[in-house]
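Residue numbering for the sequence shown follows numbering that gives the first Met the number 0, beginning at 0 and increasing consecutively.
Note that the Cβ used here is the ideal one computed from N, Cα and C, for glycine as well.
Bear in mind that the values here come from a model prediction, so they are computed numbers and not experimental data.
The structure under discussion appears below in the form of structure tokens.
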Amino acid sequence: MNTITLIEKLQQETVLAKDEYIYLIENCSEKDREILAAKAREIRESYYHKDVYIRGLIEFTNYCKNNCYYCGIRAKNRNAKRYRLQPKEILECVEEGYLLGFRTFVLQGGEDNAYSDKEIGHIILEIKKRHSDCAVTLSVGERERDVYLYWHNCGADRYLLRHETASKDHYEKLHPEDLFFERRMQCLWDLKEIGYQTGAGFMVGSPFQTAGHLAADLLFLKDLNPHMVGIGPFIAQKDSPFAQYVDGTLEQTLLLLSLIRLTLPKVLLPATTALGTIHPQGRELGILAGANVVMPNLSPASVREKYQLYDNKICTGEESAQGLQSLAGRIEAIGYHIVTARGDYAF
Numbered sequence: 000m001n002t003i004t005l006i007e008k009l010q011q012e013t014v015l016a017k018d019e020y021i022y023l024i025e026n027c028s029e030k031d032r033e034i035l036a037a038k039a040r041e042i043r044e045s046y047y048h049k050d051v052y053i054r055g056l057i058e059f060t061n062y063c064k065n066n067c068y069y070c071g072i073r074a075k076n077r078n079a080k081r082y083r084l085q086p087k088e089i090l091e092c093v094e095e096g097y098l099l100g101f102r103t104f105v106l107q108g109g110e111d112n113a114y115s116d117k118e119i120g121h122i123i124l125e126i127k128k129r130h131s132d133c134a135v136t137l138s139v140g141e142r143e144r145d146v147y148l149y150w151h152n153c154g155a156d157r158y159l160l161r162h163e164t165a166s167k168d169h170y171e172k173l174h175p176e177d178l179f180f181e182r183r184m185q186c187l188w189d190l191k192e193i194g195y196q197t198g199a200g201f202m203v204g205s206p207f208q209t210a211g212h213l214a215a216d217l218l219f220l221k222d223l224n225p226h227m228v229g230i231g232p233f234i235a236q237k238d239s240p241f242a243q244y245v246d247g248t249l250e251q252t253l254l255l256l257s258l259i260r261l262t263l264p265k266v267l268l269p270a271t272t273a274l275g276t277i278h279p280q281g282r283e284l285g286i287l288a289g290a291n292v293v294m295p296n297l298s299p300a301s302v303r304e305k306y307q308l309y310d311n312k313i314c315t316g317e318e319s320a321q322g323l324q325s326l327a328g329r330i331e332a333i334g335y336h337i338v339t340a341r342g343d344y345a346f
């Protein structure tokens, strides 16, 4: 077994055995990673050319009923400065984003029961009424199947729900006892069955993670075949139980981006904010590793710094929607370009 042979096999078959993924994750040199990235770019350009899709991220609440051990907005974090946006404020963010050129809006928040299912449904309906040419993506955690169906019927196009890890033993080390691996997985299958463009994903370098866990993630993604995959490095949060753990690395995250692109050639793959947080050129490097989506922040400036899933999160300047022109220039500099489009999955 050697890395070059496995890279060629992955390019041809788009899936490897678990031990083969483990070998690549553990043994890829810098040169190997460059080869993988070049092949990942070739594949993404065959479906999406040089286009980079933008999503307007609206983080509308940082209240959450859960206590995931890695998260800065967990319910037990008494140091979090909490906020909720009113429906009117969310719609104002959409209006601003539309004028800036966004045609996809991502409504993201903690699992906050202060918003009723119908209230979120009404927000979706109003966005689609005002802007029928736009896509609405939700990222609000685990819900019952009938709620997912209701929101889809209201017009929600996509749903992001990171699985966090495809290994039950690892999941239980990252979450308290009232959160269940089986339920998270069922939610993802429900979303796909209902007809959402579905997004899964995981943290790279999270506590207790092994190459075997990452290989299991890749095999799970191949099985689920989601339309979107969001990954980023684990970054410790000072008020969480994992405050003292070491952050994930840029190199391993870029490697996983390339492996995901080769495993799921048509996937919508963001260069995430977390990647930009650990390296000043993180987003550009993510695109060069096979990513084709960026998600600038459209939340009101007054609340951006309060949505602290992890420490030192970037949320202003070129990471904000208002800095889109500057971000576009940086992406142009590496040979790609931001496009004004919904940026749907290449079915």
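Contact annotation: the stretch 166 to 181 touches the stretch 202 to 211, with at least three C-beta pairs closer than 8 angstroms. In the DSSP assignment, S257 falls within the unbroken alpha helix (DSSP H) covering L249 to T262. Between the alpha carbons of Y82 and I57 lies a distance of about 13 angstroms. Taking the C-beta atoms as reference points, P232 is found nearer than 8 angstroms to L249.
By the CB criterion at 8 angstroms, T271 and P225 fall outside the cutoff.
Within the stretch 3 to 32, the complete alpha helix (DSSP H) runs of at least 4 residues fall at 17 to 26. Secondary structure of Y158 (DSSP, three-state): strand. Bounds of the alpha helix (DSSP H) holding D168 are K167 to L173. With contact defined as three or more Cβ pairs closer than 8 angstroms, the stretch 1 to 13 and the stretch 182 to 189 are not in contact. In this structure, Y158 and Y149 do not form a Cβ contact; the two beta carbons are roughly 12 angstroms apart against a cut-off of 8 angstroms.
C-alpha of K117 to C-alpha of A16: approximately 44 angstroms in a straight line. Contact check for E192 against F180 fails: the beta carbons are separated by 8 angstroms or more. Following the DSSP letters along the chain, one finds D189 in no beta strand (DSSP E) but inside the alpha helix (DSSP H) bounded by residues F180 to I193.
Here the C-alpha atom of I21 lies approximately 8 angstroms from the C-alpha atom of L213.
For I330, the enclosing alpha helix (DSSP H) starts and ends at L323 to A332.
For M202 against G140, the beta-carbon gap comes to about 16 angstroms, at or over 8 angstroms, which does not count as contact. In terms of Cβ geometry, R32 and L254 form a close pair [threshold 8 angstroms].
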